[in-house]
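So the structure is just underneath, and the comments pick up after that.
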Amino acid sequence: MADLIPLARAHCLPRHGHDHRLTDASIRELLPQLPGWELTEQGHALSRTFTFPDYYRTMSFVNALAHVANAENHHPDLSVHYDRCVVRWSTHDVGGLSENDFICAAKADALAG
Numbered sequence: 023m024a025d026l027i028p029l030a031r032a033h034c035l036p037r038h039g040h041d042h043r044l045t046d047a048s049i050r051e052l053l054p055q056l057p058g059w060e061l062t063e064q065g066h067a068l069s070r071t072f073t074f075p076d077y078y079r080t081m082s083f084v085n086a087l088a089h090v091a092n093a094e095n096h097h098p099d100l101s102v103h104y105d106r107c108v109v110r111w112s113t114h115d116v117g118g119l120s121e122n123d124f125i126c127a128a129k130a131d132a133l134a135g
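Our numbering applies: residue 23 is where the sequence shown begins, and numbers increase by one.
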């Protein structure tokens, strides 16, 4: 899917089982499309810290991201602070990263714009 349309315009699909876990080669191919994101947890998660000038803008981002996550039925782990939010994506049902994590990371980037 990512080869056909930009990640931020793609939509998540149900991903269950290790067959849907991305290979290291697929991750290396997709990661350059997400500047600022890094692999964490031995390559099983994507993380990025988004910074904002104040609490109101941080919470606006968090609320917008919650809306996107609900619409995509794919939910991140968040660590929310006064002027930043750490976003972590991983697909528990596949035991690592799936294409959904990259799609939602791109959507988070678009929100932070």
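Ideal Cβ positions, reconstructed from N, Cα and C, are used throughout, including at glycine.
Tell me which same chain residues have a C-beta within less than 8 Å of the C-beta of residue i, skipping the five on either side of it?
i	result
His-38	Asp-115 and Val-116
Ala-132	Ala-30
Ile-49	Leu-61, Gly-65 and Leu-119
Kindly indicate which three-state DSSP category residue i falls into: helix, strand or coil?
i	result
Phe-74	coil
Ala-67	strand
Thr-45	coil
Leu-35	coil
Leu-119	coil
Sort out for me which residues DSSP pairs residue i with in a bridge.
i	result
Val-102	Cys-107
Give every residue of the same chain whose Cβ lies closer than 7 Å to the Cβ of residue i, excluding the five residues on either side of it in the sequence, and list them in chain order.
i	result
His-97	Ala-91
Only counting the same chain, and skipping five residues up and downstream in sequence, which positions put a Cβ closer than 6 Å to that of residue i?
i	result
Leu-68	Trp-59, Trp-111, Asp-123 and Ala-127
Inset, instruction - Taking 8 Å as the threshold, find out whether the region 98-110 comes into contact with the region 28-44 through three or more Cβ pairs. - result: Between the region 98-110 and the region 28-44 there are fewer than three C-beta pairs closer than 8 Å, too few to call the two in contact.
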